[in-house]
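Okay, structure first, notes after.
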Amino acid sequence: MQLDSLFTYDSVALNAAGDGVVIVDQTLLPGEERFLTLRDEHEVYEAIAKLRVRGAPAIGVAAAYGLYVSLFNKNRAVSLSCSEFIAEFYRIKEYIGSARPTAVNLPAALERMTRCLESHKDGSVQEILSALRREAEAVKADDMAMCRSIAGYGASLIDRPGMGILTHCNAGHYAVSRYGTALAPVYLAHSRGMAPRVYADETRPLMQGARITAFELSKAGVDATLQCDNMAASLMASGRIDLVFTGCDRVAANGDTANKIGTSALAILASYYHIPFYILGPTSSIDPSAASGKDIPVEQREAEEVTELYFRHRIAPDGVKVYNPAFDITPASLISGIVTEKGIFRYPYDFSDLQLKDLTV
Ligand code: MRU
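Just so we're on the same page, this note's numbering is the position in the sequence shown counted from 1, plus 839.
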């Protein structure tokens, strides 16, 4: 079975007319696979902030395409001079970049677009637009190539048939443009007949594990079991789990990693039960300007995500105080390895050979 045959569409793409970003509205999964076409910065901002498109690499790809299509459509409506175009570029970049704070792939993709603008700014508006479109396509192509490579390195850890892999949130097909990060090796192992068994945490409060991970794994024919977040210790104690694989939103220079709230609890449990705990993500998720996890901004989200079950059924008293950080930081010392497209890094982490660009924003 070919890896690509497991996916029927890309999660983020430029439409055929080149004037819209096509995403699947992830807030409607698994009930409905509704495609949305985003054509300006307000639609792109709203889609990222409301998690219609979510997952660190997918946000980066959507932001790069979003910046391009917003400028393309603006210039089509009112022909812009070069200086107006450049001013619009920076205004839209700032705006889209402020949609979510934790995933570094968002500023990383926008910085790539900025470097492209700066190296073409002596050209005409049409020439700059063409270069920006090529750059946005390259952000997506790189995302796919990085995930394909992560699949290979990660699959080397799935070394016997039927291994049990615990995952959290969604770091699969929908969180990137095609293969996933934490789930990419699972798909590759599945395509090679290794029959991995995946245990997906439901991932309160927004249920990305239940709604998205369980959905996409089942769709691809991977053996998937869903459990509540507070069942991880019981699951590990039962001997069903051989590996923990999760994604990442931002990795600090020392390896401390921000990922969906609940990830650090899994790392602590995995350490207690002597189960290898791996973070999987592209090097575009590493932020050399963050010395440690203390330098990573953690998004706080609205109370209703906790007090109302997926915004539909009230499950807590009115006015109750709510603690709702969207991410937590897993200390580097609890991470057995960080699997990137360039190989598997081990503690103590040193990414200096990668010569990553400082993306301080
Ligand atoms: O709030 P979300 O759903 O965007 O959080 C996503 C995660 O924490 C993912 O695990 C992470 O972005 C990695 S996605 C490949």
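From the three backbone atoms N, C-alpha and C, an ideal C-beta is built for every residue, glycine too.
Because the structure is a prediction, the values reported are computed rather than measured.
Within 8 Å, strictly: CB atoms of Asn-1069 and Tyr-1188: Here residue 1069 refers to the residue found at position 230 when the sequence shown is read from its first residue. Here residue 1188 refers to the residue found at position 349 when the sequence shown is read from its first residue. No, these two residues do not count as a Cβ contact at 8 Å.
Just to confirm, does Ala-948 get its C-beta within under 7 Å of one of the non-hydrogen atoms of the ligand MRU? Here residue 948 refers to the residue found at position 109 of the sequence shown. False, no ligand heavy atom lies under 7 Å from that Cβ.
Distance between Ser-1172 and Gln-1194 (C-alpha atoms, nearest Å): On the sequence shown, residue 1194 is found 355 positions in, with the first residue counted as 1. On the sequence shown, residue 1172 is found 333 positions in, with the first residue counted as 1. For Gln-1194 and Ser-1172, the distance between alpha carbons rounds to 23 Å.
Answer with yes or no whether the minimum CB distance from Val-943 to chain C is below 8 Å. No chain C is part of this structure, which consists of one protein chain only.
Cut-off 6 Å between Cβ atoms - residues of its own chain near Gly-1003, not counting five sequence neighbours on either side: Sequence index remark: in the sequence shown, residue 1003 carries index 164 (1-based). Closer than 6 Å at Cβ, skipping near neighbours: Arg-1036, Arg-1079, Ile-1080, Asp-1081.
Should His-1113 go down as buried or exposed, given a rule of 16 or more other Cβ atoms within 10 Å for buried? Residue numbering aside, residue 1113 sits at position 274 when the sequence shown is read from its first letter. With fewer than 16 Cβ atoms within 10 Å of its Cβ, His-1113 is classed as exposed.
Opening and closing residue of the beta strand (DSSP E) in which Phe-846 lies: Numbered from its first residue, the sequence shown carries residue 846 at position 7. Looking at the DSSP string, Phe-846 is not in any beta strand (DSSP E), and its letter there is neither H nor E.
I'd like the list of long-range same chain contacts for Ala-942, defined as Cβ closer than 6 Å, with 5 residues on each side in sequence excluded. In the sequence shown, the residue the question calls residue 942 occupies position 103. These residues qualify, in order along the chain: Ala-895, Ile-898, Asp-1088.
DSSP bridge partner residues for His-1152 (one or two, in chain order): Working through the sequence shown from its first residue, we reach residue 1152 at position 313. Partner(s): Leu-1148.
Taking the continuous alpha helix (DSSP H) assigned at Tyr-1160, which residues delimit it? As a working note, residue 1160 is residue 321 in the sequence shown. According to the sequence as given, residue 1160 is Lys; it is not Tyr. Lys-1160 -> no alpha helix (DSSP H), and no H or E assigned at all.
Report the option in Val-964, Ile-1100, Asp-1062, Ala-1106 whose CA atom is closest to the CA atom of Ile-925. In the sequence shown, counting from the first residue as 1, residue 925 sits at position 86. Checked all of Val-964, Ile-1100, Asp-1062, Ala-1106; the closest Cα to Ile-925 is Val-964.
What residues match up with Ile-1004 in a beta bridge as DSSP calls it? Residue mapping note: residue 1004 aligns to position 165 of the sequence shown, counting from 1. Partner(s): Val-1037, Leu-1082.
What are the residues that DSSP puts in a beta bridge with Arg-893? Sequence index remark: in the sequence shown, residue 893 carries index 54 (1-based). For Arg-893, which the question treats as bridged, DSSP gives no partner whatsoever.
Once you ignore the five residues that flank Arg-1043 on each side, which residues in its own chain have a CB closer than 6 Å to its CB? Start at 1 with the first residue of the sequence shown, and residue 1043 comes out as number 204. For Arg-1043, where only same-chain residues beyond five positions count, the Cβ hits under 6 Å are Asp-1068.
Per DSSP, what kind of secondary structure is Phe-911 in: helix, strand or coil? Working through the sequence shown from its first residue, we reach residue 911 at position 72. Helix.
Could you say which of Tyr-1162, Lys-932, Arg-1153 lies nearest to Asp-879 if we only look at CA atoms? Counting from 1 along the sequence shown, the entry for residue 879 is found at position 40. Closest option to Asp-879, Cα to Cα, is Lys-932.
So, for Ser-1001: in the same chain, excluding its five sequence neighbours on each side, which residues have a beta-carbon less than 8 Å away from its beta-carbon? Along the sequence shown, read from residue 1 onward, the residue named residue 1001 stands at position 162. For the sequence presented, residue 1001 should be read as Gly rather than Ser. Closer than 8 Å at Cβ, skipping near neighbours: Met-1033, Ala-1034, Pro-1035, Arg-1036.
Quick one: what's Asn-1098 bridged to in DSSP? Start at 1 with the first residue of the sequence shown, and residue 1098 comes out as number 259. Beta-bridge pairing links Asn-1098 to Asp-1167.
I need the boundaries of the alpha helix (DSSP H) containing Thr-884, first residue and last residue. Counted from its first residue, the sequence shown places residue 884 at position 45. Note that residue 884 is Tyr in the sequence shown here, rather than Thr. Unbroken alpha helix (DSSP H) run through Tyr-884: 880–888.
Ignore the nearest five residues each way along the sequence and tell me which others in Thr-1199's own chain have a CB closer than 6 Å to its CB. In the sequence shown, residue 1199 corresponds to position 360, counting from 1. Caution is warranted here: a pLDDT of 45 is assigned to Thr-1199, below 50, making its placement in the model unreliable, and no coordinate value can be reported.
In this structure, does DSSP put Gly-1032 in helix, strand or coil? Numbered from its first residue, the sequence shown carries residue 1032 at position 193. Gly-1032: coil per DSSP, three-state reduction.
Are the Cβ atoms of Ser-988 and Leu-845 separated by less than 8 Å? On the sequence shown, residue 988 is found 149 positions in, with the first residue counted as 1. On the sequence shown, residue 845 is found 6 positions in, with the first residue counted as 1. No, these two residues do not count as a Cβ contact at 8 Å.
Looking at the secondary structure, which residues open and close the beta strand (DSSP E) in which Tyr-1117 lies? As a working mapping, residue 1117 is identified with position 278 in the sequence shown. It spans 1116–1119 - the beta strand (DSSP E) in which Tyr-1117 sits, taken as one unbroken run.
Would the beta-carbon of Met-983 fall within 8 Å of that of Tyr-1026? Numbered from its first residue, the sequence shown carries residue 983 at position 144. Numbered from its first residue, the sequence shown carries residue 1026 at position 187. Going by C-beta atoms, Met-983 is not nearer than 8 Å to Tyr-1026.
Considering Asp-982, what are the terminal residues of the alpha helix (DSSP H) in which it resides? Stepping through the sequence shown from its first residue, residue 982 is reached at position 143. Residues 964–994.
Please classify Asp-961: does DSSP put it in a helix, a strand, or coil? Against the sequence shown, residue 961 aligns to sequence position 122. Note: Asp-961 maps to coil in three-state DSSP.
Per-residue DSSP class, three states only, for Arg-1140: Taking the first residue of the sequence shown as position 1, residue 1140 is located at position 301. In the structure shown, Arg-1140 sits in coil (DSSP, three-state: anything other than H, G, I, E or B).
Contact set for Asp-805: own chain, Cβ-Cβ below 6 Å, skip 5 residues either direction: No information on residue 805 is available, as it lies outside the stretch 840 to 1200 that the chain covers here.
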